[in-house]
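Chemist: Okay, handing you the structure first.
Okay, structure coming up:
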């Protein structure tokens, strides 16, 4: 027997000596199949598309509401102010041999709608002619370009086929303190004011945009000066001195007289921004008993007559009212699929007019037409 060999037969193997064998059982990991992932992706895209559509619709509606608010803030407020000033027209008008002061037309001195001015011709020169009777500007006759005019060269337009908007010039007398002209200047009590409404480019905004502007001139009518060879020069006016008030506490100091320049022939002040077109018409009547026989009243609305047609249109008729209309737009563009070339508007007697090429090629704004008929104060009295 080999001494190196060992006999293990005598050994007893107990269970405690055998290592425990652990069998690992792997549970199946649950997840999404490719089909399930594709279905989830499609459903997610549908939900995202619906959310984006809701967001886009809300954005469009929000921008349209913002644009509508801009038009209301700009156009409606400014438009109502223009109407208030137009109602004052003819207050303080003077009579002539043929008609009393209530019969307002192109011959009425200091009349409401300014259609005529002294020509400055004759020897000696007589400035006592027309609506601006007795007035001169810078020592010269008032330019016809400053009078009311149909399609005035001073008034631009964004309408196709209509190169120019109208220009409406009115005048009236302030009957009390605390009144202001269209440019915001205080009018001394008893003074006259001339206001010229037209459309010009507003260079204070970027990009530049057309807006309804007003230029004005204030003057104190003195009949002796009006009939003099020099006339009343409306390039400037003298603001009366205000005496000190000593009956209140604290004491109000006196305000000395001063001279202020007028701006009738200037660029004026933008009173309604973003106006594409301005239209004005005269309401005329041949009724001589306008106030006492309204049943037989006959009113016709005509465009502002040209110089050569004034006598034919107004010699036997009075101006009793005005119609005005503007095409206004919003400050900011709107998100809308409609293009500018699809738009058409009706402004008073201008039916289905479209925007010109410059406006068509520009951004799409929200646009609206505003119209008003204004009965002129003091134009109905008299026979």
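Numbering (the working numbering), first residue to last: 158 to 540.
For every residue, glycine included, the Cβ atom is placed at its ideal position computed from N, Cα and C.
Taking the C-alpha atoms as reference points, what is the distance between residue 188 and residue 200?
Modeler: Distance between the alpha carbons of residue 188 and residue 200 is about 18 Å.
Chemist: If you check the beta carbons only, do residue 348 and residue 370 fall under 7 Å apart?
Modeler: Cβ atoms of residue 348 and residue 370: not closer than 7 Å.
Chemist: Please report how far the alpha carbon of residue 420 lies from the alpha carbon of residue 342, in whole angstroms.
Modeler: Approximately 11 Å between the Cα atoms of the pair.
Chemist: Evaluate contact between the stretch 428-438 and the stretch 406-413, counting only Cβ atoms and requiring at least three cross-stretch pairs below 8 Å.
Modeler: No, the stretch 428-438 does not touch the stretch 406-413.
Chemist: Can you tell me whether residue 412 is buried or exposed, with buried defined as 16 or more other CB within 10 angstroms of its CB?
Modeler: Counting Cβ neighbours within 10 Å, residue 412 comes out exposed, since fewer than 16 surround it.
Chemist: Could you confirm whether any beta carbon from chain B is found closer than 7 Å to the beta carbon of residue 259?
Modeler: You won't find chain B in this structure, because it holds only one protein chain.
Chemist: Closest to residue 521 by CA distance: which of 489, 530 and 502 is it?
Modeler: Looking at the Cα atoms, 489 is the closest of the given residues.
Chemist: Skipping 5 residues on each side, what residues in its chain have a beta carbon closer than 6 Å to that of residue 197?
Modeler: Here the set comprises nothing.
Chemist: Taking the alpha helix (DSSP H) that residue 383 falls in, what are its first and last residues?
Modeler: Where residue 383 is concerned, the enclosing alpha helix (DSSP H) stretches over 380-383.
Chemist: With DSSP as the reference, identify every bridge partner of residue 475, one or two as the case may be.
Modeler: Paired residue(s): 442.
Chemist: Does the stretch 224-235 come into contact with the stretch 286-296, if we say contact requires no fewer than three beta-carbon pairs (one atom in each stretch) closer than 8 Å?
Modeler: Segments in contact, no.
Chemist: For residue 384, which residues of its own chain have a beta-carbon under 7 Å away from its beta-carbon, when the five flanking residues on both sides are left out?
Modeler: Same-chain partners within the cutoff: 285 and 291.
Chemist: Whole-angstrom Cβ separation of residue 244 and residue 533, contact assumed at under 8 Å?
Modeler: Yes, they are in contact, since the Cβ atoms of residue 244 and residue 533 sit about 7 Å apart, within 8 Å.
Chemist: Leaving aside the five residues before and after residue 334 along the sequence, list all residues of the same chain whose C-beta is less than 7 Å from its C-beta, in chain order.
Modeler: Closer than 7 Å at Cβ, skipping near neighbours: 346.
Chemist: Is residue 387 helix, strand or coil when you go by DSSP?
Modeler: Coil.
Chemist: Tell me where the alpha helix (DSSP H) around residue 235 begins and ends.
Modeler: First-last of the alpha helix (DSSP H) with residue 235: 234-244.
Chemist: Under the three-state reduction of DSSP, which class applies to residue 325: helix, strand or coil?
Modeler: Looking at residue 325 - three-state DSSP - the assignment turns out to be strand.
Chemist: Looking at the secondary structure, which residues open and close the alpha helix (DSSP H) in which residue 514 lies?
Modeler: 514-517 is the span of the alpha helix (DSSP H), which, as asked, contains residue 514.
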